[in-house]
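Colleague: Got a structure for you, written out below as structure tokens; questions coming shortly.
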Amino acid sequence: MPGTQPIIPLSLSELPSKPRTHGLRRTSVATELGGARTAPVPVAWEDGKATDFVLDNGMEVVVIPNHRAPIVSHMVWYKIGSADEPPGKSGIAHFFEHLMFKATTNHAAGEFDRAVFEIGGSQNAFTSSDYTAFYQTVAPSALELMMSFEADRMRNLILTDDVVKTERDVVIEERRSSTDTNPQDVLHEEIDATLWQNQPYRIPIIGWMQEIEQLNRVDATAFYEKYYWPNNSVLIVAGDVEPETVKVLAEKTYGKVARGPDLPPRIRPVEPEQNTRRTVTLSDARVSVPSFSTQWVVPSYHTAKPGEAEALDLLSEILGGGNRSRLYQASLSSKVSLPAPAPISRAPCSTTPGSPSMARRAAMPSWPISKRRPLPKSLALPRMVSAARNWARPRSALCAI
Ligand SMILES: [Zn+2]
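If you want it as structure tokens, here you go:
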């Protein structure tokens, strides 16, 4: 197409995994799989092979064809998360995720939801430290409609004092009900606030209550004007669709949105070397099963030397990835009664160092790391041991009980 960059194949392994997020908890309708195909599918594009291109207004587009079911996932990811929030405005990224479901100059509040549900689709959104994303899962024939709604709310939201105040109360209640009443979530917040000494990751994604309460229309408008532009977003379409079709529809919808001002570089301060061992303890009468975790700051996939992050993930899996893990087996042989395997978690695609934890908890799922990213053949046990010695130092551990 004239004026646009050529489609470039991407490797699936370059796509991000999913670290901790704070999602908008909404009731969704089960997606109907019986939607009609829009056209016979040519075999030009291999299933699962990602391609990408950029619209004239700077919006990046990634397409991942997959024709196993007549369904398509449409997502818009904004390069803005809680770690980008200005001081004193914690929670505004997540708060704005909520506001994106309000009325625009073209559609009433709730109209987008109804349009999705009436065709048997589902939609939702989530906010993380580094991004905010919105998605719908629908029949391929509805893709253009989804793009039209999403492109509209990118720039045409109506933000009045009443709209902002009402939704702020919703977020305040969300924090009360989902975090403040859950001892495990309270402990997680304290762990993050203690583990990170210089990173914005120490601030909860949903925000501190006293700062959520102060967010207002001026804050929301400034946030919208700064970050919600096509040149600060990535469109991802996966499913029963071809890149050429997505390109035509994206230019027809998102392509009409003007490019925004260039954004300043995202700031992620460098974490100082941590040389003290710290302990966070939470006592709560509601907790009947005690838990214990140990956490270290280690390199992420973006900051690690080649093979180092993979080695740490593999080490995590061996130590605590399931019923066959070393920690779980050791607990059985020592006849210590444990309600669940030791789970390990990491934020592997963070733009800064990640935070793995080795934990004993009840009912926490393990994360099958081996399925997420293929390991290089050169990765061997000595490398894992070396990585462990480098990073899992007792003197820099954070224990949470
Ligand atoms: Zn929410």
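For the sequence shown, this note's numbering assigns the number 172 to the initial residue and increments by one for each residue that follows.
Beta carbons: idealized from backbone N, C-alpha and C, even for Gly.
#1: When you compare only the Cα positions, how much space is there between P241 and P311?
#2: Less than 8 angstroms between the C-beta atoms of E422 and S261, yes or no?
#3: Give a yes or no on whether the C-beta atoms belonging to F266 and V342 are separated by under 8 angstroms.
#4: Which residue wins for smallest C-alpha separation from V247, given the options R388, V232 and V428?
#5: Using three-state DSSP, classify Q466 as helix, strand or coil.
#6: Please find out if some non-hydrogen atom of ligand 1 comes closer than 7 angstroms to the beta-carbon of V335.
#7: State the DSSP-derived secondary structure class of G492, mapped to helix, strand or coil.
#8: Have a look at L386, E384 and E360 and flag the residue whose alpha-carbon is nearest the alpha-carbon of I374.
#9: Return yes when at least one heavy atom of ligand 1 lies under 7 angstroms from the C-beta of H265, else no.
#10: Flag E345 as yes when its Cβ comes closer than 7 angstroms to any non-hydrogen atom of ligand 1, and as no otherwise.
#11: How long is the line joining the alpha carbons of Q294 and D323, rounded to whole angstroms?
#12: Please report how far the alpha carbon of Q368 lies from the alpha carbon of V451, in whole angstroms.
#13: Please report the distance separating the alpha-carbon of A279 from that of R326.
#14: In angstroms with no decimal places, state the Cα-to-Cα distance between D340 and Q355.
#15: Roughly how many whole angstroms lie between the Cα atoms of I329 and K273?
#16: Taking C-alpha atoms, which residue in G219, A501, G431 and Y425 lies nearest to L316?
#17: When you compare each of V469, L406, S348 and P440 to N228 by their alpha carbons, which one comes out closest?
#18: Can you tell me which of the three DSSP states Y472 falls into?
#19: For Q466, is the classification buried or exposed, using 16 other Cβ atoms within 10 angstroms of its Cβ as the cut-off for buried?
#20: Measuring straight from C-alpha to C-alpha, what distance separates Y372 and D223?
#21: Pop quiz: S244 and Y306 are said to be a contact at Cβ under 8 angstroms. What is the actual Cβ separation, rounded to whole angstroms?
#22: For L406, list the residues DSSP reports as bridge partners.
#23: For P177, which residues from the same chain have a beta carbon less than 8 angstroms from its beta carbon, with the 5 sequence-adjacent residues on both sides left out?
#24: With respect to 7 angstroms, is the separation between the Cβ of H269 and the closest non-hydrogen atom of ligand 1 below this value?
#25: On a Cα-Cα basis, can you pick out the residue from A391, N353, R497 and E415 that is closest to A456?
#26: Using the beta-carbon count (16 or more within 10 Å), is A501 buried or exposed?
#27: Just how far apart, CA to CA, sit E384 and H269?
#28: Please identify the residue among M230, R285 and T337 whose C-alpha is closest to the C-alpha of F320.
#29: Give the DSSP bridge partners of T308, in chain order.
#30: Tell me, which residues are paired with T275 by DSSP?
#31: In terms of residues, what are the limits of the alpha helix (DSSP H) holding V441?
#32: Going by the beta-carbon positions, is the gap between A254 and V234 smaller than 8 angstroms?
#33: Only counting the same chain, and skipping five residues up and downstream in sequence, which positions put a Cβ closer than 6 angstroms to that of M271?
#34: Given a threshold of 16 other Cβ atoms within 10 Å of its Cβ, counted over all protein chains shown, does E289 qualify as buried or as exposed?
#35: Answer yes if the region 387–404 comes into contact with the region 429–445, meaning at least three C-beta pairs across the two stretches below 8 angstroms, and no otherwise.
Modeller: Taking the definition as stated:
#1: Approximately 7 angstroms, taken between the alpha carbons.
#2: Against a cut-off of 8 angstroms, the Cβ pair of S261 and E422 comes out as no contact.
#3: yes
#4: In this structure, V232 is the residue among R388, V232 and V428 with its C-alpha nearest to the C-alpha of V247.
#5: strand
#6: no
#7: Taken through DSSP and simplified to helix, strand or coil, G492 comes out as coil.
#8: E360
#9: yes
#10: Checking every heavy atom of ligand 1 against the Cβ of E345, one is found closer than 7 angstroms.
#11: 16 angstroms
#12: 14 angstroms
#13: 15 angstroms
#14: 23 angstroms
#15: 7 angstroms
#16: Y425
#17: L406
#18: coil
#19: Counting the other CB atoms within 10 Å of its CB gives Q466 a total of 16 or more, which places it among the buried residues.
#20: 30 angstroms
#21: 6 angstroms
#22: L406 pairs with V232 and V247.
#23: Here the model assigns P177 a pLDDT of 38, short of 50, so the residue's position is not dependable, and the following value carries that caveat. Closer than 8 angstroms at the Cβ level, and outside the excluded window around P177, lie F224.
#24: yes
#25: Minimum Cα distance to A456 is reached at N353.
#26: exposed
#27: 15 angstroms
#28: R285
#29: S244 and S293
#30: L328
#31: Careful: V441 lies outside any alpha helix (DSSP H) and carries neither H nor E.
#32: No, the pair does not count as a contact, with Cβ atoms beyond the cut-off.
#33: R324
#34: exposed
#35: yes
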